[in-house]
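Colleague: Sharing a structure, written as structure tokens. Questions coming.
Numbering (this note's numbering), first residue to last: 398 to 500.
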């Protein structure tokens, strides 16, 4: 991570990117989707069951998560499978849950 002069902290660009990440995670359904994907890829229908939302609603949240590069997708026939792009988002969610317990 790039720092500004004299150890003033991270560049504004990184701060803005961090805000975008937290903004994506500021929705309970998206947090549940991230947690559901920790163990591997799932289809939209399986994710909808896991988070107790309609496939349409889950698809809309997945589109946002894809744009923010938190999840990736692959198509197999007519089914699209989603997986985590990396382990950073679930770690942030886990850390936030530990923080919530401590408060």
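Ideal placement from N, C-alpha and C gives every residue a C-beta, glycine not left out.
Just so it is clear, the structure is predicted and the values come from calculations on it, not from any experiment.
One question on the structure: do residue 479 and residue 434 come within less than 8 Å of each other, judged by their Cβ atoms?
Modeller: Stepping through the chain shown from its first residue, residue 479 is reached at position 82. Stepping through the chain shown from its first residue, residue 434 is reached at position 37. Against a cut-off of 8 Å, the Cβ pair of residue 434 and residue 479 comes out as a contact.
Colleague: If residue 441 and residue 456 are in contact, beta carbons under 8 Å, what's the gap, nearest whole angstrom?
Modeller: As a first step, residue 441 must be located in the chain shown, where it is residue number 44. As a first step, residue 456 must be located in the chain shown, where it is residue number 59. Yes, they are in contact, since the Cβ atoms of residue 441 and residue 456 sit about 6 Å apart, within 8 Å.
Colleague: Name the DSSP bridge partner or partners of residue 468?
Modeller: Here residue 468 refers to the residue found at position 71 of the chain shown. For residue 468, which the question treats as bridged, DSSP gives the partners 481.
Colleague: Would you give the residue range spanned by the alpha helix (DSSP H) that residue 445 belongs to?
Modeller: Here residue 445 refers to the residue found at position 48 when the chain shown is read from its first residue. Element bounds for residue 445: 441–448.
Colleague: For residue 427, which residues in the same chain have their Cβ closer than 8 Å to its Cβ, ignoring the five residues on either side in sequence?
Modeller: Here residue 427 corresponds to residue number 30 of the chain shown, with the count starting at 1. Excluding sequence neighbours, residue 427 sits near 421, 458, 461 and 462.
Colleague: Near residue 438, what residues of its chain come up, given a Cβ to Cβ distance below 7 Å and the 5 sequence neighbours on each side ignored?
Modeller: Working through the chain shown from its first residue, we reach residue 438 at position 41. Only 478, 479 and 480 meet the Cβ criterion.
Colleague: Secondary structure at residue 413, three-state DSSP: helix, strand or coil?
Modeller: Here residue 413 is taken as the residue at index 16 of the chain shown, counted from 1. For residue 413, the three-state secondary structure derived from DSSP is helix.
Colleague: Reducing DSSP to helix, strand and coil, say where residue 438 ends up.
Modeller: The residue you call residue 438 lines up with position 41 of the chain shown. Residue 438: coil per DSSP, three-state reduction.
Colleague: Straight-line CA distance for residue 493 to residue 436?
Modeller: Within the chain shown, the letter at position 96 stands for residue 493. Within the chain shown, the letter at position 39 stands for residue 436. Roughly 19 Å separates the two Cα atoms.
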